[in-house]
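Trainee: Dumping the structure here so I can ask a few things about it.
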Amino acid sequence: MIEIIVNGEPRQFGEGITAAELVEELDLAGKRLAMEVNEELLPRSEFPGYRLSPGDQVEIVVAIGGG
Amino acid sequence: MHPDTFTIAGREYGSRLLVGTGKYKDLDETGEAIRASGAEIVTVAIRRSNIGQDPSEPNLLDVVPPSEYTILPNTAGCFTAKDAVRTCRLARELLDGHSLVKLEVLGDEKTLYPDITATLEAAEQLVADDFQVMVYTNDDPIVARRLEEIGCVSVMPLAAPIGSGLGIQNKYNILSIIENANVPVLVDAGVGTASDAAIAMELGCDGVLMNSAIAGARNPVLMASAMRKAIEAGREAYLAGRIPRKRYASTSSPLDGTFF
Numbered sequence: 010m011i012e013i014i015v016n017g018e019p020r021q022f023g024e025g026i027t028a029a030e031l032v033e034e035l036d037l038a039g040k041r042l043a044m045e046v047n048e049e050l051l052p053r054s055e056f057p058g059y060r061l062s063p064g065d066q067v068e069i070v071v072a073i074g075g076g
Numbered sequence: 052m053h054p055d056t057f058t059i060a061g062r063e064y065g066s067r068l069l070v071g072t073g074k075y076k077d078l079d080e081t082g083e084a085i086r087a088s089g090a091e092i093v094t095v096a097i098r099r100s101n102i103g104q105d106p107s108e109p110n111l112l113d114v115v116p117p118s119e120y121t122i123l124p125n126t127a128g129c130f131t132a133k134d135a136v137r138t139c140r141l142a143r144e145l146l147d148g149h150s151l152v153k154l155e156v157l158g159d160e161k162t163l164y165p166d167i168t169a170t171l172e173a174a175e176q177l178v179a180d181d182f183q184v185m186v187y188t189n190d191d192p193i194v195a196r197r198l199e200e201i202g203c204v205s206v207m208p209l210a211a212p213i214g215s216g217l218g219i220q221n222k223y224n225i226l227s228i229i230e231n232a233n234v235p236v237l238v239d240a241g242v243g244t245a246s247d248a249a250i251a252m253e254l255g256c257d258g259v260l261m262n263s264a265i266a267g268a269r270n271p272v273l274m275a276s277a278m279r280k281a282i283e284a285g286r287e288a289y290l291a292g293r294i295p296r297k298r299y300a301s302t303s304s305p306l307d308g309t310f311f
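Residue numbers (the numbering used here), protein chains in the order written: chain A, 10 to 76; chain B, 52 to 311.
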C-alpha cells in the first residue's frame, strides 16, 4: 500500500494506482471533476496512464455555488 | 430597433445581468432564481470534491447546465496570483476547455478588496495561457486601463465591498472607467437592491454581476426578477438619455393660453 494525500487527507491505495483508478475507488467516476497532482494540473485524458507515487498531493475539485 | 446585445469574448448575450450561484438555500432555489433573473452568464466556484458523498447527489451543473448557460468559474477565495492561476487551470479542465474565467485575487478577509498587484500578475499569466479573463478590480480608472492593456476581455470594478449591499459608492470613478474602456465594463459586487443595479446601468455599464443581493434577499426569486427589470430599465434609460439636472423648476404644462 502507498499513502497519497487526497484533498488534504492521507489515504491508503494499492501500489501503482493510476489517477483513473483513484477516481473509481473514491466513487467519483463519471462526475465532472478536475485533478491536480502536486499543484500541477493533470488533464483527464492522462488519468488512465498516470501512476501516482507515495506522498503525492492530489486535489480533486468540482464546481459549486459561488459568486 | 435592433436587439441591444453585448459581446464578451466574441459571444453575444441578450441579458446584461450576470449572477452568482452562492449562498442559496438549496439547488432548487438556485435554479429558480437564475431562471427568474434571465441571466445567461452564471458564476461558479471551484472547490474540493466531497469525497464519500452519495454519487447520485445533485450537482450544481445539473441545475445550470453548461449547454444552456455560459459558466463563468471564479477564483473567489484566492489570495495569491498562484492560487488564482491554479484555480483557472482546473476550471478550464473541468469545463472541457472553456476558457472564460472571472479573476479575483483578494487582499484581505475583512474588506475582500482586490489585491491589485497580485491581480495584475495573475491576469498577465492567464492571458499568456490563452484564458479569456473577466477581472474583478477596484474602482480605480488607471488600474482598469492597465488590466485592459494586459488583454482582459472585461473589466469589473466593484461598486462597494463584496456582499456589503452598499450600492455604488463612487459613481464618478465608475463613469471614468466606462469612458476610458474599450472592453465591456461590468459592476461586480456591492449591489444591494434593484435601484443600485439601475444606477450602474444608467451610468453606462455594459452589465452588472451580482450574487448576495439576490441570494440573500428574503425572497430570492422575486429579487432576481426585480434585478432583471432594473437592469433593463437602467439600460433603456441610459440609451434614452436622461434630462440634464437643473437647480430650479421648469414647467411641464405650457404657460401660454391660461384663462386666469
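All residues carry an ideal CB built from backbone N, CA and C; glycine is no exception.
Helix, strand or coil for B:D247? Go by DSSP, reduced to three states.
Mentor: Three-state result, B:D247: helix.
Trainee: Beta carbon of A:L42, beta carbon of A:V15: below 9 Å?
Mentor: Result no, Cβ atoms of A:L42 and A:V15 do not sit closer than 9 Å.
Trainee: Which ranges does the alpha helix (DSSP H) cover as unbroken runs of at least 4 residues, wholly within the region 249-296 of chain B, from first to last along the chain?
Mentor: You should have 263-266 and 271-291.
Trainee: Output, in sequence order along the chain, the residues in the region 215-232 of chain B whose CB is closer than 7 Å to any CB in chain A.
Mentor: Taking 7 Å as the Cβ-Cβ cut-off against chain A, none of the residues of the region 215-232 of chain B qualify.
Trainee: Determine which residues share a DSSP beta bridge with B:D134 and list them.
Mentor: BP columns for B:D134 are empty, so no partner.
Trainee: For B:T138, count neighbouring C-beta atoms within 10 Å of its own C-beta (all shown protein chains included) and say buried if the count is 16 or more, exposed if not.
Mentor: It counts as buried.
Trainee: Please identify the residue among B:D247, B:D105 and B:G128 whose C-alpha is closest to the C-alpha of B:V95.
Mentor: Of the listed residues, the one whose Cα sits closest to B:V95 is B:G128.
Trainee: Listing by chain order, which chain A residues have their CB less than 7 Å from the CB of B:L151?
Mentor: By Cβ distance, chain A contributes nothing, its closest Cβ being about 13 Å from B:L151, past 7 Å.
Trainee: Measure the Cβ-Cβ separation of B:S100 and A:I69 and say whether it is below 9 Å.
Mentor: Going by C-beta atoms, B:S100 is nearer than 9 Å to A:I69.
Trainee: Identify the residues that DSSP records as bridge partners of B:N125: which are they?
Mentor: Answer is B:K153, bridged to B:N125.
Trainee: List the residues that DSSP assigns as beta-bridge partners of B:G239.
Mentor: Note on residue identity: the sequence assigns Asp, not Gly, to residue 239 of chain B. The partner list for B:D239 (beta bridge, DSSP) reads B:L260.
Trainee: Report yes if the CB atom of B:A281 is closer than 9 Å to the CB atom of B:A245, and no otherwise.
Mentor: Contact flag set, yes.
Trainee: B:I122: buried (16+ other C-beta within 10 angstroms of its C-beta) or exposed?
Mentor: The residue in question, B:I122, is buried, as its Cβ has 16 or more Cβ neighbours within 10 Å.
Trainee: Measuring CA to CA, which of B:S107, B:E63 and B:G73 is closest to B:E91?
Mentor: Nearest option by C-alpha distance: B:E63.
Trainee: For the region 48-66 of chain A, list every residue whose C-beta sits within 8 Å of some C-beta in chain B, in sequence order.
Mentor: So the close ones are E48, L50, P52 and R53.
Trainee: With H, G and I counted as helix, E and B as strand and the rest as coil, what does DSSP make of B:G71?
Mentor: Note: B:G71 maps to coil in three-state DSSP.
Trainee: Mapping DSSP to helix, strand and coil, what is A:S54?
Mentor: Residue state, collapsed to three classes: helix.
Trainee: Please go through the region 199-238 of chain B and give each complete alpha helix (DSSP H) segment of 4 or more residues, from N-terminal end onward.
Mentor: Correct list: 222-231.
Trainee: Return the residues of the region 95-107 of chain B that lie within a Cβ-Cβ distance of less than 7 Å from chain A, sorted by chain order.
Mentor: Per Cβ criterion, the list reads V95, A96, I97, R98, R99, S100, I102 and P106.
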